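Asks: Number 110 in the numbering used here belongs to position 103 of the sequence shown; there are no gaps in the numbering.
Note that beta-carbon positions come from the ideal geometry of N, C-alpha and C, so glycine has one too.
Note that the coordinates shown come from a computational prediction; the quantities given were computed from them, not determined experimentally.
Got a structure for you, questions after.
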Amino acid sequence: MKAALAFLVALSLFLRFFYFPSHPSALYWDEMDVGYQAYSLLKTGKDYFNNPIPVHVHSFADYRTPLYIYLTVPLVELFGLNPFSVRLTSALMGLIGIAVLYVLSVLLLRLGKYSWLPAAVMALSPWHLHLSRIAFETTTLLALYLLGLAAFYRGFYRPRWFIISALGFGLSFWTYSPAKLFVPLTLLLLFIIYFRQIILLPRHYIFNSLILVFLLSFPILYSSTFGPASMRLRELLVFTDPVTSAEVDSKRQLVDLAAGFKRSIGMSPSLQARLVYNKLTFWGSAVLNNYVSSLSTEFLFVRGDPQPRHSPSETAYAQFHLIDLAPFLFGLFALFSLTYVTRPHSRLIVCLLLLAPLSSVITRDGGTHSLRLIFLLPVVSIVIALGLRRLIFSKILIVSYLSLFFVSLFLFSFYYFTSYRSESFRSFNFGYSQAVRYALDNSQSYDRIFLDMYDQTALMAYMFEARPDPRRFQQSHPLQSEEIMPGLDGLRMGNIYILPPGTRDWLKMDFSRLKGKNLVIADALLFEKAVHEGYLQTLFYPDSRPAFYIFTTPTSP
């Protein structure tokens with residue numbers, strides 16, 4: 008067992024810190040936002056929108072749950088504002104989550120010398136490995152949630168641990184939005200399943216723990232429900248999708264026309280059309296489709312999350328290794344067998360497996376959203392481990408499984424550290440930081456420098472790389488665009504102009520009104536052909552395709 012644990016720790020560390028933090032290939036917008044928010048909090052005690060010690064950190068895109076950013080503040084102080092300090096929080100919390108799952112397995116599953124199996128499955132899964140290398144809040148949420156569960160079971164032996172459990176559950180509300188629904192569901196499940204054991208414990212420990220959870224969760228829940236952060240929730244929910252009404256009306260009209268009703272202006276739908284097609288049926292269908300997708304073998308073992316930033320591959324690898332499908336099915340069989348079904352922990356695992364997708368399936372793309380489905384990761388890992396435990400009795404099966412698993416792990420690792428870099432560069436805004444650094448390095452040589460991206464602004468990359476004084480930036484809101492010349496405007500940062508995303512044709516632009524020396528760093532997608540006049544340099548993507556063209560404009564007297 009000690010040898011297995013040592014091997015697991017060494018392999019987990021290697022896979023998480025090999026090419027760290029330069030892989031994935033760049034920091035995307037949200038990661039750079041984490042970094043500059045942490046930098047602003049470090050220097051001023053406020054986010055960059057001038058809110059002191061905020062419950063929700065106000066960012067350009069939305070209002071963010073703050074714990075990951077707060078945890079990053081001391082790392083920015085130690086290592087500076089750079090990709091290493093921003094992504095290190097996720098890597099460390101990922102390792103803590105693995106360790107806590109091992110402890111939970113010892114307390115909950117009673118697998119003896121095989122208690123390391125659930126932690127091994129999770130640690131070596133593409134899902135957890137990938138999330139541990141990016142500044143996602145999910146690994147922090149998972150570590151705190153698992154701490155809450157592990158301390159809860161430890162509390163049956165030493166009731167003081169219920170305070171630690173409350174701390175883990177309470178802080179998880181501050182990490183990522185899915186916790187706001189699933190953690191209360193988990194607490195309710197624990198109370199129902201272990202009611203007989205709980206009522207025998209000293210009541211003041213239980214009462215104090217519940218009070219602590221309430222005190223920790225109330226500010227963030229209140230802000231999420233009644234504060235400006237509620238806007239983000241309304242943008243995500245299935246029930247607030249603005250296209251639903253139009254889809255319902257269209258379906259009703261098609262049904263009535265097919266039934267022989269004459270088309271007329273303002274025609275009222277028939278009763279049967281209203282009964283079959285309405286918002287409730289559309290919402291129910293969307294939630295059910297999401298739920299089935301989230302628990303499908305296609306999502307878990309075949310294709311995974313289609314968003315390249317969330318998952319290692321759209322087609323090559325899923326959330327778990329395909330070879331894990333067999334022990335997963337064995338694990339499900341074990342959970343529902345007569346030996347297990349009467350045990351409280353089996354009922355808890357089954358309930359968690361069935362309820363884990365709920366926080367995600369009520370959102371519009373929640374059926375395959377690996378971040379919002381994060382609560383599935385540990386429980387599926389446990390089910391796979393239970394299946395492996397049953398295979399261990401057959402040397403042929405376990406040797407075959409281990410051989411195929413390590414072949415799969417090797418192939419995945421090779422793909423992940425080579426091909427995936429080229430496949431995912433646009434999802435991680437590769438080139439934005441390089442373009443901004445070039446602008447900063449050459450700002451003294453030009454009167455104006457224009458940063459023009461195709462589908463996103465370079466503002467966050469500028470904030471991260473230039474590190475403007477947070478105090479001055481806090482006083483500059485709302486940011487105002489400045490007209491540079493007719494038809495061209497942008498945010499001015501010194502002599503650097505950050506243009507809004509657009510489809511400007513730089514080859515046909517009239518620069519006669521623009522005096523002085525001007526440098527343009529523009530996304531290559533804005534050009535049908537390569538730049539010739541004034542061309543200086545090209546910044547390339549990892550696959551050698553042009554990312555940005557750098558050129559000067561014609562000089563006006």
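On the CB-based measure, 16 or more other CB atoms within 10 Å of its CB, does Y229 come out buried or exposed?
Replies: Working through the sequence shown from its first residue, we reach residue 229 at position 222. So Y229 ends up on the exposed side.
Asks: With three or more beta-carbon pairs closer than 8 Å as the criterion, would you say the stretch 82-102 touches the stretch 351-358?
Replies: No, the stretch 82-102 is not in contact with the stretch 351-358.
Asks: Within 10 Å of its beta-carbon, does V128 have 16 or more other beta-carbons around it, so buried, or fewer, so exposed?
Replies: Within the sequence shown, residue 128 is the residue found at index 121, counting from 1. So V128 ends up on the buried side.
Asks: When you compare only the Cα positions, how much space is there between L336 and L395?
Replies: As a first step, residue 336 is located in the sequence shown; it is residue number 329 there, counting from the start. As a first step, residue 395 is located in the sequence shown; it is residue number 388 there, counting from the start. So the alpha carbons of these two residues sit roughly 10 Å apart.
Asks: For F233 and F56, I'd like the C-alpha separation in whole angstroms.
Replies: The count along the sequence shown starts at 1 and reaches residue 233 at position 226. The count along the sequence shown starts at 1 and reaches residue 56 at position 49. One C-alpha to the other measures close to 19 Å.
Asks: Return the chain-ordered list of same chain residues with a C-beta closer than 6 Å to the C-beta of N297, the five sequence neighbours on each side being excluded.
Replies: Translated into positions along the sequence shown, residue 297 becomes position 290. Only V368, G373, G374 meet the Cβ criterion.
Asks: Have a look at S47 and K53 and give me their C-alpha separation to the nearest angstrom.
Replies: By 1-based counting over the sequence shown, the position of residue 47 is 40. By 1-based counting over the sequence shown, the position of residue 53 is 46. About 6 Å.
Asks: At the level of alpha carbons, what is the spacing between V220 and L196?
Replies: Start at 1 with the first residue of the sequence shown, and residue 220 comes out as number 213. Start at 1 with the first residue of the sequence shown, and residue 196 comes out as number 189. Taking the straight line from one Cα to the other gives about 15 Å.
Asks: Under the rule that 16 or more other beta-carbon atoms within 10 Å means buried, what is G501, buried or exposed?
Replies: By 1-based counting over the sequence shown, the position of residue 501 is 494. By the neighbour-count rule (16 or more Cβ atoms within 10 Å), G501 is not buried but exposed.
Asks: Just list the residues that DSSP pairs A529 with in beta bridges.
Replies: Here residue 529 refers to the residue found at position 522 of the sequence shown. Its beta-bridge partners are D459, Y556.
Asks: My understanding is that V64 touches I76, with C-beta atoms under 8 Å, so please give their C-beta distance in whole angstroms.
Replies: For the purposes of this step, residue 64 is identified with residue 57 of the sequence shown, where counting begins at 1. For the purposes of this step, residue 76 is identified with residue 69 of the sequence shown, where counting begins at 1. V64 to I76, Cβ: 6 Å. Contact.
Asks: Roughly how far, in whole angstroms, is the beta-carbon of S97 from the beta-carbon of I141, given that I think they are within contact range, below 8 Å?
Replies: In the sequence shown, counting from the first residue as 1, residue 97 sits at position 90. In the sequence shown, counting from the first residue as 1, residue 141 sits at position 134. Right, their Cβ atoms sit about 6 Å apart.
Asks: So the beta strand (DSSP E) M571 belongs to, where does it begin and stop?
Replies: The structure shown has nothing for residue 571, since the chain only spans 8 to 564.
Asks: Mind the definition here: the stretch 474-485 touches the stretch 435-451 only if three or more C-beta pairs lie below 8 Å; say whether that holds.
Replies: Verdict: no, contact absent.
Asks: Checking 8 Å against the spacing of the C-beta atoms, do L34 and V93 come in under that value?
Replies: Counting from one through the sequence shown, the residue named residue 34 turns up at place 27. Counting from one through the sequence shown, the residue named residue 93 turns up at place 86. A contact, by the Cβ cut-off of 8 Å.
Asks: Buried or exposed for I283, please, with buried defined as at least 16 other CB atoms from any protein chain shown within 10 angstroms of its CB.
Replies: Here residue 283 is taken as the residue at index 276 of the sequence shown, counted from 1. Rather than Ile, the amino acid found at residue 283 in this sequence is Val. With fewer than 16 other Cβ atoms within 10 Å, it is exposed.
Asks: DSSP beta-bridge partners for Q544?
Replies: In the sequence shown, counting from the first residue as 1, residue 544 sits at position 537. Per DSSP, I557.
Asks: Along the chain, where does the beta strand (DSSP E) containing Y504 start, and where does it finish?
Replies: For the purposes of this step, residue 504 is taken as the residue at position 497 of the sequence shown. Start and end: 503-505.
Asks: If distances are taken between C-alpha atoms only, which option among A529, L409, P493, A473 comes closest to P508?
Replies: Within the sequence shown, numbered from 1, the residue matching residue 508 stands at position 501. Of the candidates A529, L409, P493, A473, the one whose C-alpha sits nearest the C-alpha of P508 is A529.
Asks: Taking the alpha-carbon positions, what's the L264 to V250 distance?
Replies: As a position in the sequence shown, residue 264 is number 257, starting the count at 1. As a position in the sequence shown, residue 250 is number 243, starting the count at 1. Taking the straight line joining both Cα atoms gives about 21 Å.
Asks: Looking only at its own chain, which residues have a Cβ that is under 7 Å from the Cβ of F308, when we skip the five neighbours before and after it?
Replies: Taking the sequence shown and counting its residues from 1, one reaches residue 308 at position 301. Counting only Cβ-Cβ distances below 7 Å, and skipping sequence neighbours, we find A325, F327, L329, D331, L332.
Asks: Measuring alpha carbon to alpha carbon, tell me which of S431, T193, D454, D459 ends up nearest N525.
Replies: The residue you call residue 525 lines up with position 518 of the sequence shown. Among S431, T193, D454, D459, the Cα nearest to that of N525 belongs to D454.
Asks: Considering only the beta carbon of each residue, do W134 and L384 sit closer than 8 Å?
Replies: Taking the first residue of the sequence shown as 1, we reach residue 134 at position 127. Taking the first residue of the sequence shown as 1, we reach residue 384 at position 377. In contact: W134 and L384 (Cβ atoms closer than 8 Å).
Asks: Output the boundary residues of the alpha helix (DSSP H) element that contains M129.
Replies: On the sequence shown, residue 129 is found 122 positions in, with the first residue counted as 1. Here the alpha helix (DSSP H) through M129 covers 124-130.
Asks: Does DSSP put V62 in a helix, in a strand, or in coil?
Replies: Taking the sequence shown and counting its residues from 1, one reaches residue 62 at position 55. V62: coil per DSSP, three-state reduction.
Asks: Based on Cα-Cα distance, which residue from V262, T464, T193 lies nearest to A157?
Replies: Counting from 1 along the sequence shown, the entry for residue 157 is found at position 150. Selected option, being the one with the closest Cα: T193.
Asks: Using the beta-carbon count (16 or more within 10 Å), is Y183 buried or exposed?
Replies: Position 176 of the sequence shown holds residue 183. It counts as buried.
Asks: Within this structure, are the beta carbons of H30 and R428 separated by less than 8 Å?
Replies: To locate residue 30, count along the sequence shown from 1; it is residue 23. To locate residue 428, count along the sequence shown from 1; it is residue 421. It is a contact, given that the beta carbons lie within the stated cut-off.
Asks: In whole angstroms, what is the alpha-carbon distance linking F225 and K515?
Replies: The residue labelled residue 225 in the question sits at position 218 within the sequence shown. The residue labelled residue 515 in the question sits at position 508 within the sequence shown. Roughly 56 Å separates the two Cα atoms.
Asks: Among A68, Y164, R371, whose alpha-carbon lies nearest the alpha-carbon of F289?
Replies: Looking up residue 289 in the sequence shown gives position 282. Checked all of A68, Y164, R371; the closest Cα to F289 is R371.
Asks: Candidates F457, F412, L222: which alpha carbon is nearest I505's?
Replies: What you label residue 505 is simply residue 498 of the sequence shown in a count that begins at 1. Per the Cα distances, F457.
Asks: So W168 and G177 are in contact, right, with Cβ under 8 Å, and what is the actual spacing, rounded?
Replies: For the purposes of this step, residue 168 is taken as residue 161 along the sequence shown, with counting starting at 1. For the purposes of this step, residue 177 is taken as residue 170 along the sequence shown, with counting starting at 1. About 14 Å; that fails the 8 Å criterion.
Asks: So, using beta-carbon positions, are V51 and P475 closer together than 8 Å?
Replies: Here residue 51 refers to the residue found at position 44 when the sequence shown is read from its first residue. Here residue 475 refers to the residue found at position 468 when the sequence shown is read from its first residue. Inspection of the sequence shows that residue 51 is occupied by Thr rather than by Val. No.
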